[in-house]
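Student:
Residue numbers (this note's numbering): 335 to 795.
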């Protein structure tokens, strides 16, 4: 299981106009980037997904077979809280190129989670039905139990534990949208059934299951069925295999969307935050920088919820209770929420804000003033943004800050408070027809006249 906390620097990330128009949060007061489902409807869907034992899933338009996660069960990531976003990638996950999730359903006996709080990813089937962004690509493999994933397992955590690129001769042909990424070593090891898995990976003379086990292909329904049977075949375990028994989690690998710690691509797929009402335990994970300590899951979930709302998405916190009947596995309590979920009280969400930013990208370029390479935020405004009166500078600045203000390039390098806003105002007033607009966090915040005299590019004195 890969480490959960993350503080690596963000280097760069491309944001397309289409992604901005359809999926990224653009905050203006409390306006939302996408419609938010009623929290009680979300609760009903998630409980239904947990309890409905589907054995096949298909893409709605092509009919191509997909893994069971696509339309069934609950895909979750448990993560500890800290000075980072829960959806971002940890330093250890960056080394792997993928991040660990788990998949739970009524026919799995899982009752122990790696952390007390986390989030649920919306199933692609639900997202399509709700007209929300659909995550069609990214999941690679699933292990019946914690796979001890690390850089030793190539192909995004799915290879054999030998630091070598895994073979692909036995993968077969798939025609779904995720076929190029999905992979499993079980096929390469000649394992296609639960019985074959048990024969190969258990026994007193064999190595620990955590590192020895093969991975199941994320998009083969038969692999999912075998994974479930393997997981349920071990109601008990030994000291040699503390993570390989049915109360523990499986490990479901999702390829990172970037090579940095920036996991904001995942924000639009988050369905809910959750916390385990019966546990405050943080388990040790590979890549930990310090011993784990107990954590209040509700407090963490509330922090997660506020962080996501600040980026333009409001989703509920749900309780997860493995002691309740399966039909009540998840529950919604209004008092748990850290934000106002207007949909729960029947109010309508505010109208969408006008969009002023078409794209915003970090680039590194030579600056003649400092005579060295500096980080620059290269902005392409929309027509509405370019035409915005100078009196409405706050509107475009709020949207820009919502998009990029949490990035370390901005957060760590704006030494003069208000510098980025000052440059944006200067460009809007004096160079609105220029493309792109470039803002640099290292620049000092001066008066309007001084900034204008410097061509909107003042340098530290």
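Glycine included, every Cβ here is placed at the ideal spot set by N, Cα and C.
1) Taking three-plus beta-carbon pairs below 8 Å as touching, is the segment 551-566 in contact with the segment 386-402?
2) Can you give me the C-alpha to C-alpha distance between residue 729 and residue 592, rounded to a whole angstrom?
3) For residue 572, which option in 536, 595, 594 has the closest C-alpha, if you only look at C-alpha atoms?
4) Closer than 6 Å by C-beta to residue 756: which residues in its own chain qualify, once you throw out the five before and the five after it? Chain order, please.
5) Within the chosen definition, does the segment 374-386 reach the segment 489-498 through at least 3 CB pairs nearer than 8 Å?
6) Should residue 790 go down as buried or exposed, given a rule of 16 or more other Cβ atoms within 10 Å for buried?
7) From 597, 644, 646, 670, pick the residue whose C-alpha is nearest to that of residue 654; which is it?
8) Can you find the residues in the same chain that come closer than 8 Å, C-beta to C-beta, to residue 720, ignoring five residues on each side of it along the sequence?
9) Check whether the segment 428-436 and the segment 483-494 touch, using three or more Cβ-Cβ pairs below 8 Å as the test.
10) Closest to residue 506 by C-alpha separation, out of 524, 629, 491, would be which residue?
11) Closer than 8 Å by C-beta to residue 738: which residues in its own chain qualify, once you throw out the five before and the five after it? Chain order, please.
12) If you draw a straight line from the alpha carbon of residue 472 to that of residue 503, how long is it in whole angstroms?
13) According to DSSP, simplified to helix, strand and coil, what is residue 442?
14) Taking the alpha-carbon of residue 627 as reference, which of 595, 663, 579, 450 has the nearest alpha-carbon?
15) If residue 597 sits next to residue 421, beta carbons under 8 Å apart, how far is it from one beta carbon to the other, in whole angstroms?
16) Between residue 606 and residue 453, which are expected to be in contact by the criterion C-beta below 8 Å, what is the C-beta distance as a whole number of angstroms?
17) Should residue 355 be labelled buried (16 or more other beta-carbon atoms within 10 Å of its own) or exposed?
18) Would residue 782 be called buried (16 or more neighbouring beta carbons within 10 Å of its own) or exposed?
19) Taking only three categories from DSSP, how would you classify residue 713?
20) Inspect the beta-carbon positions of residue 441 and residue 387 and report whether they are closer than 7 Å.
21) On the three-pair Cβ rule with 8 Å, is the segment 512-519 touching the segment 537-549?
22) Just to confirm my understanding: we take residue 352, look at its own chain, exclude 5 residues before and 5 after, and list those with CB closer than 7 Å. What are they?
23) Would residue 389 be called buried (16 or more neighbouring beta carbons within 10 Å of its own) or exposed?
24) What three-state label does DSSP hand residue 534 in the structure shown?
25) Mapping the DSSP letters down to three states, classify residue 379 as helix, strand or coil.
26) Below 8 Å on the Cβ atoms is my guess for residue 637 versus residue 372; work out the distance and round it to an integer in Å.
27) Report yes if the C-beta distance between residue 656 and residue 445 is below 7 Å; otherwise report no.
28) Run through DSSP, which three-state label would residue 355 get?
29) Between which two residues does the beta strand (DSSP E) harbouring residue 452 extend?
30) Scan the segment 619-698 and note each continuous beta strand (DSSP E) run of 3 residues or more that stays entirely inside, going in chain order.
31) Determine whether the beta carbon atoms of residue 758 and residue 731 lie at a separation below 7 Å.
32) From residue 794 to residue 775, what distance separates their C-alpha atoms?
33) First and last residue of the alpha helix (DSSP H) that includes residue 430?
34) On the DSSP bridge list, what partners appear for residue 408?
35) Below 7 Å between beta carbons: does that hold for residue 438 and residue 408?
36) Would a C-beta distance cut-off of 7 Å place residue 568 and residue 579 closer than the cut-off?
Tutor: Reading off the structure:
1) yes
2) 29 Å
3) 536
4) 779, 785
5) no
6) buried
7) 670
8) 766, 767
9) yes
10) 524
11) 694, 696, 711, 744
12) 21 Å
13) coil
14) 450
15) 4 Å
16) 7 Å
17) Low confidence applies here, because residue 355 scores a pLDDT of 37, under 50, leaving its location unreliable and the question unanswered by this model.
18) exposed
19) strand
20) yes
21) yes
22) Bear in mind that a pLDDT of 36 at residue 352, under 50, signals an unreliable position, so the number given afterwards is only what the model happens to contain. Closer than 7 Å at Cβ, skipping near neighbours: no residue.
23) exposed
24) helix
25) helix
26) Contact doesn't hold; Cβ gap of about 23 Å is too wide.
27) yes
28) Bear in mind that a pLDDT of 37 at residue 355, under 50, signals an unreliable position, so the model cannot answer this.
29) 451-455
30) 651-654, 664-666
31) yes
32) 11 Å
33) 425-430
34) 438
35) yes
36) yes
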